[in-house]
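In the working numbering, the protein residues as written are 764 to 808.
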């Protein structure tokens, strides 16, 4: 999981930017959704 978060850290940071400022709540939300999708993907196999 950490490897995936490291890989997409720049994208997460970019998309959590709102009105010129980084929104840490949005960054946490995106990370949570990414982790949830990883578990769904691995359990569906």
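Each residue gets a CB set at the ideal place from its N, CA and C atoms; glycine is no exception.
In whole angstroms, what separates the C-alpha of residue 770 from that of residue 797?
Cα-Cα distance, rounded: 12 Å.
Leaving out five residues before and five after residue 794 in sequence, what residues of the same chain have Cβ atoms less than 7 Å from its Cβ?
Closer than 7 Å at Cβ, skipping near neighbours: 768 and 775.
Between which two residues does the alpha helix (DSSP H) holding residue 783 run?
Residue 783 -> no alpha helix (DSSP H), and no H or E assigned at all.
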